[in-house]
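Student:
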């Protein structure tokens, strides 16, 4: 879901929606059991006694196990067992052994169906908990848009995958500091709850450093240390080390701004008819990998005049694919957004991503649109 204000979505609500979406109603279960049993019974009468119900009815509990609850699967299993047993009452004595074998097979197969339903529901419970974790990240860690500082009005979108272990660690923050507006957007390598843990560590470090550190390089150094510390703790617990791609900005009252790109998707400057990449230098290495290069991260200054906007995003936008595997053409589409408002840019990207992917999201999506405020206020 897109992150917005006044949108509570607690863990219980997420689990409840998952149960409602994935289960069958009792009316549907009973209806199809009765209808299919009746059809098979009539067919058996017309085709003769040698046409048995067991081979066809026994699959019904397995089908219900794929969508229904454990109780519904148990009900279907009992129903099928009773119906098949009733159909075999008049079995000749010489075939009693075969009849008992059929009943044993039915009971065993139905038991497997019930166990399968229980395992599926446990799995759905795990997915619901992961979705709940993504919703908690959305509600508690990341602030809803719009965000406002002395220099900026920020709109955007944040949409976690909320499916199984695919939930990622896309994060962002905007801080109104004594040194101007500090902006951060990042993407933790990897998926699942460990990625969210790393994201929380980096986000906390940015909120502290953005207020305390006078230079942008010092802020990024603090983020590097936070990733290394988190990796150290993760390694002690048997977890894997992670790195974080990030863009960090410092935006004061002048017409220029500072940026350090730590291996992240490039930002775009939107200013009337002119839309172009905001930075010219090659990105540095991601956070957590500074030891791999002898070159220190350096600040790049760039033009960011009043009334212009910066578009920042994660690779959930640039690497979104359609059914043919084609990436979403952000570089092409961004040329049309120079004259529309930041909120319209965010809603446009969200709508086009849904159309491009057919609603099949495979990665978290985070996007920020920073509008530079003029001296007289917002434009």
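In our numbering, the protein residues as written are 3 to 381. From the three backbone atoms N, C-alpha and C, an ideal C-beta is built for every residue, glycine too.
1) If you follow the beta strand (DSSP E) that residue 305 is in, where does it begin and where does it stop?
2) Taking residue 250 and residue 261 to be in contact with their CB atoms under 8 Å, please state how far apart those CB atoms are, rounded to whole angstroms.
3) Kindly identify the DSSP beta-bridge partner or partners of residue 112.
4) Express the C-alpha separation of residue 361 and residue 340 in angstroms, rounding to a whole number.
5) Classify residue 28 as buried or exposed, calling it buried when 16 or more other Cβ atoms lie within 10 Å of its own Cβ.
6) Measure the alpha-carbon distance for residue 178 versus residue 213 and round it to whole angstroms.
7) With a threshold of 16 other CB atoms inside 10 Å of the CB of residue 279, please say whether the residue is buried or exposed.
8) Exposed or buried, residue 124, counting other C-beta atoms within 10 Å across all chains shown (16 or more means buried)?
9) Just to confirm before moving on: does the CB-CB distance between residue 288 and residue 318 stay below 8 Å?
10) Could you give the distance in angstroms between the alpha-carbon of residue 364 and the alpha-carbon of residue 126?
11) Which residues does DSSP pair with residue 277 in a beta bridge?
12) Could you tell me which uninterrupted alpha helix (DSSP H) segments, each at least 4 residues in length, are contained entirely in the stretch 148-208, listed from first to last along the chain?
13) Return helix, strand or coil for residue 265, following the three-state DSSP convention.
14) Check whether the Cβ atoms of residue 204 and residue 229 lie closer than 8 Å to each other.
15) Can you tell me whether DSSP reads residue 356 as helix, strand or coil?
16) Kindly identify the DSSP beta-bridge partner or partners of residue 369.
17) Buried or exposed for residue 353, please, with buried defined as at least 16 other CB atoms from any protein chain shown within 10 angstroms of its CB.
18) Measuring straight from C-alpha to C-alpha, what distance separates residue 81 and residue 122?
19) For residue 366, is the classification buried or exposed, using 16 other Cβ atoms within 10 angstroms of its Cβ as the cut-off for buried?
20) Per DSSP, what are the beta-bridge partners of residue 286 in this structure?
21) Would you mind sorting residue 255 into buried or exposed? The rule is 16 or more other CB atoms within 10 Å of its CB.
22) Measuring CB atoms only, is the stretch 295-312 touching the stretch 230-242, in the sense that at least three cross pairs come out at less than 8 Å?
23) Is it buried or exposed, residue 206, if we count other Cβ atoms within 10 angstroms and call 16 or more buried?
24) Using the Cα positions of residue 185 and residue 274, report the straight-line distance between them to the nearest angstrom.
Tutor: Considering the structure as presented:
1) 302-305
2) 7 Å
3) Answer is none; residue 112 lacks a bridge partner.
4) 26 Å
5) exposed
6) 8 Å
7) exposed
8) exposed
9) no
10) 18 Å
11) 272
12) none
13) strand
14) yes
15) helix
16) 159 and 315
17) exposed
18) 21 Å
19) buried
20) 264
21) exposed
22) no
23) exposed
24) 23 Å
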